[in-house]
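Written below as structure tokens is the structure these notes are about.
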Amino acid sequence: MPKSYTGINIQWPISEDILSGQKVIETRTYPIPEKYLDQEMLMIETPGKKGKFKSRGVAIIKFTSCKKYTSKNDFYNEQHLHLVSKDCDWAWKDKEKFGWTLVVL
Numbered sequence: 096m097p098k099s100y101t102g103i104n105i106q107w108p109i110s111e112d113i114l115s116g117q118k119v120i121e122t123r124t125y126p127i128p129e130k131y132l133d134q135e136m137l138m139i140e141t142p143g144k145k146g147k148f149k150s151r152g153v154a155i156i157k158f159t160s161c162k163k164y165t166s167k168n169d170f171y172n173e174q175h176l177h178l179v180s181k182d183c184d185w186a187w188k189d190k191e192k193f194g195w196t197l198v199v200l
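Position one of the sequence shown corresponds to residue 96 (my numbering), numbered consecutively onward.
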């Protein structure tokens, strides 16, 4: 019987950074729901603003932990892990930020 997975959308080219192992923390403005921690999930690569393809499943991933960033400085101290620069769409703003540590299976 085929296995089914919960999916999570990740925009291209961020998805490529995850697949290459360069990005190991996904950032969001909310904590990961507890039920998704340590669960295999399908990473759905979406085209975002630049891609010229339809959304597609590209990998099985697992989120292993979640942390709340307490300051802008705290957030950018881990830039090498989440790859969010100060001038991109997902930069620190005056909203809470959370880091979801992930592994590609």
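Glycine included, every Cβ here is placed at the ideal spot set by N, Cα and C. Since the structure is predicted, the reported quantities are computational estimates derived from the model, not experimental observations.
From what residue to what residue does the alpha helix (DSSP H) around residue i run?
| i | result |
| --- | --- |
| ASN168 | 167 to 171 |
| ILE113 | 109 to 114 |
Relative to the C-alpha of residue i, which candidate in the options has its C-alpha closest?
| i | options | result |
| --- | --- | --- |
| MET136 | LYS98, ALA186, ASP189 and HIS177 | LYS98 |
| LYS157 | VAL199, ASP189 and ILE113 | VAL199 |
| THR101 | GLU173, LYS118, LEU176 and GLY152 | GLY152 |
| ILE103 | ASN172, PRO126, SER150 and MET138 | MET138 |
Measuring straight from C-alpha to C-alpha, what distance separates residue i and residue j?
| i | j | result |
| --- | --- | --- |
| ARG123 | MET96 | 34 Å |
| LEU132 | LYS163 | 15 Å |
| PHE193 | PRO108 | 20 Å |
| TRP195 | HIS177 | 9 Å |
| GLU129 | LYS147 | 34 Å |
| GLU140 | LYS188 | 25 Å |
| PRO126 | ASP112 | 21 Å |
Here's the rule I'm using: 16 or more other beta-carbon atoms within 10 Å means buried, otherwise exposed. How should residue i be labelled?
| i | result |
| --- | --- |
| GLY116 | exposed |
| SER180 | exposed |
| SER110 | buried |
| CYS161 | buried |
| PHE170 | buried |
| GLU191 | exposed |
| LYS118 | buried |
Locate the beta strand (DSSP E) running through residue i, then write down its first and last residues.
| i | result |
| --- | --- |
| GLN174 | Taken as a continuous stretch (DSSP letters only), GLN174 belongs to no beta strand (DSSP E), being part of the alpha helix (DSSP H) at 174 to 177. |
| LYS188 | Run containing LYS188: none; DSSP gives neither H nor E here. |
| PHE148 | That residue, PHE148, is in no beta strand (DSSP E); it is neither H nor E in DSSP. |
| GLU129 | Segment: none, GLU129 is in no beta strand (DSSP E) and carries neither H nor E. |
| LEU200 | Counting along the chain, LEU200 falls outside any beta strand (DSSP E), and DSSP gives it neither H nor E. |
| MET138 | 135 to 141 |
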